[in-house]
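*Asks:* Numbering (this note's numbering), first residue to last: 27 to 123.
Sharing a structure with you now.
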Amino acid sequence: MARFDVTLNLSHNGKLVRQYRAVAKDGQKERRLGAICGTPFLEHALAIEWQHGDLTLRGWVADPNHTTTALTEIQYCYVNGRMMRDRLINHAIRQAC
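Quick look at the structure:
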């Protein structure tokens, strides 16, 4: 999901189940995100982009005022294009919202 420049194909028993084409424009990225995470997430997601020196942070977070229990379970973190699961960082993100 962190690589919008890559087409993703999901196959099951030799049949193409889902295809997410590579995208470049912001509107296309949001549509692809909605296709993967669902329309409710996208409707209440806040786009973030922040830079300080060489550090850049960008992505989407769910608006805590419109978050359902199902949306709170969706949390993907990537560092340098690699998925990262760290309890401390995930907890910090949830507390910040």
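All residues carry an ideal CB built from backbone N, CA and C; glycine is no exception.
Classify A48: buried if its beta carbon has 16 or more other beta carbons within 10 angstroms, exposed otherwise.
*Replies:* Exposed: under 16 other Cβ atoms inside 10 Å.
*Asks:* Spatial neighbours of R84 within its chain, please: C-beta separation below 7 Å, excluding the five flanking residues on both sides.
*Replies:* I74 and E75, listed in sequence order.
*Asks:* Out of R44, C63 and Q101, state which residue places its alpha-carbon closest to the alpha-carbon of H117.
*Replies:* Looking at the Cα atoms, Q101 is the closest of the given residues.
*Asks:* Look up K41 in the DSSP assignment and give the residues it is bridged to.
*Replies:* K41 pairs with H38.
*Asks:* Rounded to the nearest angstrom, what separates V114 and L42 at their Cα positions?
*Replies:* Here residue 114 turns out to be Leu, not Val, going by the sequence shown. Near 37 Å, if we compare the C-alpha coordinates of L42 and L114.
*Asks:* For L59, count neighbouring C-beta atoms within 10 Å of its own C-beta (all shown protein chains included) and say buried if the count is 16 or more, exposed if not.
*Replies:* That one is buried.
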